[in-house]
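To convert, note that position 161 of the sequence shown is 161 in full-length UniProt numbering; the numbers rise steadily by one, no gaps.
Virtual Cβ for every residue (Gly too), placed ideally from N, Cα, C.
A short write-up of the structure that comes next.
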Amino acid sequence: MSLRSLKQVYGYIQRGEEQHVGHSAAWKIKRFVEKPNQGTAISYLESNEYLWNSGMFMFRASSYLNEVAKFCPLILDACKKAMQQPLNDLDFIKLDKEIFSSCPSDSIDYAVMEHTDLGIVSALDAGWNDVGSWSALWETSPHDAQGNALIGDVFAHQTRDCYIRSESKLTAALGLDNLIIVNTQDALLVSHKDNVQDVKIVVEHLKKNSRNEFREHTIRYMPWGHVETLVRDARYKVNRVTIIPDGELSFQLHHHRIEHWVVLTGTAQIRIEEQQIYLTENESTTIPVGKKTPTFKSRENKS
Numbered sequence: 001m002s003l004r005s006l007k008q009v010y011g012y013i014q015r016g017e018e019q020h021v022g023h024s025a026a027w028k029i030k031r032f033v034e035k036p037n038q039g040t041a042i043s044y045l046e047s048n049e050y051l052w053n054s055g056m057f058m059f060r061a062s063s064y065l066n067e068v069a070k071f072c073p074l075i076l077d078a079c080k081k082a083m084q085q086p087l088n089d090l091d092f093i094k095l096d097k098e099i100f101s102s103c104p105s106d107s108i109d110y111a112v113m114e115h116t117d118l119g120i121v122s123a124l125d126a127g128w129n130d131v132g133s134w135s136a137l138w139e140t141s142p143h144d145a146q147g148n149a150l151i152g153d154v155f156a157h158q159t160r161d162c163y164i165r166s167e168s169k170l171t172a173a174l175g176l177d178n179l180i181i182v183n184t185q186d187a188l189l190v191s192h193k194d195n196v197q198d199v200k201i202v203v204e205h206l207k208k209n210s211r212n213e214f215r216e217h218t219i220r221y222m223p224w225g226h227v228e229t230l231v232r233d234a235r236y237k238v239n240r241v242t243i244i245p246d247g248e249l250s251f252q253l254h255h256h257r258i259e260h261w262v263v264l265t266g267t268a269q270i271r272i273e274e275q276q277i278y279l280t281e282n283e284s285t286t287i288p289v290g291k292k293t294p295t296f297k298s299r300e301n302k303s
């Protein structure tokens, strides 16, 4: 992408020898540069030798696979093995998790494009923004008269140039400037725009401490609907389960917990071992420890 302003959060590509490709200007890739400091980014902007790395690539599958085999065979080997025994789950194809986890976690840039002799780069000036941070999301969002991007149930007073997003409860902001506030079901992020790139430090902390916020989102989407965790405690958990019409949950066996199911709306067809029952709004059933969780099938919209 053509440089339009000073950006330290983007990667850069230095242009090499000009190439003739169709009707578009193109250059050999001389080198990739990751997120330069301010002084270096200014020199890139003034030199007219650099482009932003948008991370968008076009190539023949055969050419890409040949280059992966040449420069990073471990990636190709892990991907091939993971595809040998895929699990078909309705409209989804799930790879073998253990095998795929052995795949090196490298970007296309690092694994292939920095090493190949075949790469060329073409410039595009399209007002592009990678929306790779909360600050970038503020830039691309509609603003009020004070420059705030307010999403959800938000009240802002004497507050300017903030991005405030509330996905659950009311979020009120008083006398704030240039902040990013993201209030979700399970976490609250408050950061100055200049520090929001450090959100990765928060992610590393959550991962290191095995926090639920890292391991599991409060809403999990399934082929048959979705599950939202409302309350989680050491001795109980409350989920709201939404099943699409004719969606069906399969058998599960739990040895350490009792399950209580309440139908909030709609009608559920439930099979518990050999018994089949129907439950409608405000009706419930209990699944004892050690008994197979029944098949639940929605006869109409059910939560």
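Limits of the unbroken beta strand (DSSP E) element including residue i
i: Phe32; result: 24-33
i: residue 304; result: No answer is possible for residue 304: the residues shown for the chain start at 1 and end at 303.
i: Gly266; result: Note, Gly266: premise wrong, no beta strand (DSSP E); not H, not E.
i: Thr286; result: 284-287
i: Ile120; result: 120-122
Start-to-end residues for the alpha helix (DSSP H) that takes in residue i
i: Leu95; result: Unbroken run through Leu95: none, as it is neither H nor E.
i: Ala61; result: 61-71
i: Ala136; result: 134-140
i: Leu206; result: 199-208
i: Asn212; result: 212-215
Reference residue i; option with closest CA among the options
i: Ile29; options: Tyr10, Leu51, Pro245; result: Leu51
i: Gln275; options: Thr285, Thr140, Val238, Thr267; result: Thr285
i: Ser62; options: Asp91, Gly55, Leu76; result: Leu76
i: Trp128; options: Arg160, Arg60, Met56, Thr267; result: Met56
i: Val263; options: Arg240, Ile272, Asp246; result: Arg240
i: residue 308; options: Arg31, Lys35, Pro36, Thr116; result: Residue 308 lies beyond the residue range present for the chain, which begins at 1 and ends at 303; the question has no answer from this structure.
i: Gly147; options: Ser135, Cys162, Ile270, Thr40; result: Cys162
i: Ile99; options: Ala136, Phe92, Cys79, His217; result: Cys79
i: His226; options: His217, Asp233, Ala234; result: His217
i: Tyr64; options: Ala111, Ala41, Asn53, Leu188; result: Ala111
i: Gln197; options: Leu137, Ser2, Asp96; result: Leu137
i: Ala234; options: Glu17, Gly22, His260, Asn212; result: Asn212
i: Glu281; options: Glu273, Gly290, Ile287, Gln269; result: Gln269
i: Glu273; options: Leu87, Trp261, Ala26, Ser250; result: Ser250
i: Ser24; options: Ala123, Gly247, Thr140; result: Ala123
i: His260; options: Asp186, Ile243, Gly266, Lys237; result: Lys237
i: Asn53; options: Leu206, Thr265, Arg31; result: Arg31
i: Arg271; options: Glu248, Asp153, Thr265, His256; result: Glu248
i: Ala69; options: Val154, Glu49, Glu46, Ile108; result: Ile108
i: residue 356; options: Glu17, Ala173, Leu188; result: Outside the shown range of the chain, which is 1 to 303, sits residue 356, and nothing can be said about it.
i: Val203; options: Asp194, Arg215, Asp177, Cys103; result: Arg215
Which residues DSSP lists as bridging residue i, in chain order
i: Gly225; result: Met222, Ile243
i: Gln14; result: Arg31, Tyr50
i: Asn183; result: Ser166, Leu188
i: Asp177; result: Arg160
i: residue 373; result: Since the first residue of the chain shown is 1 and the last is 303, residue 373 is not available in this structure.
i: Ile272; result: Gln275
i: Lys237; result: Arg232
i: Ala149; result: Tyr163
i: Glu259; result: Ile287
i: Val21; result: Ser24
i: Asn37; result: DSSP output for Asn37 lists no bridge partner at all.
i: Asn195; result: Paired residue(s): none; Asn195 is not in a bridge.
i: Asn88; result: Ile93
Residue i burial status per 10 Å Cβ neighbour count (16 or more: buried)
i: Tyr221; result: exposed
i: Lys302; result: The pLDDT assigned to Lys302 is 44, lower than 50, so where the model puts this residue is not dependable, and the model offers no usable value.
i: Glu67; result: buried
i: Thr171; result: buried
i: Val121; result: buried
i: Tyr10; result: buried
i: Ile258; result: exposed
i: Gln165; result: Here the sequence assigns Arg to residue 165, which means Gln is not the residue at that position. That one is buried.
i: Asp144; result: exposed
i: Asn183; result: buried
i: Ile13; result: buried
i: Met113; result: buried
i: Gly119; result: buried
i: Thr159; result: buried
i: Leu279; result: buried
i: Glu15; result: It should be pointed out that residue 15 corresponds to Arg in this sequence rather than to Glu. Result: buried.
i: Ala149; result: buried
i: Ala156; result: buried
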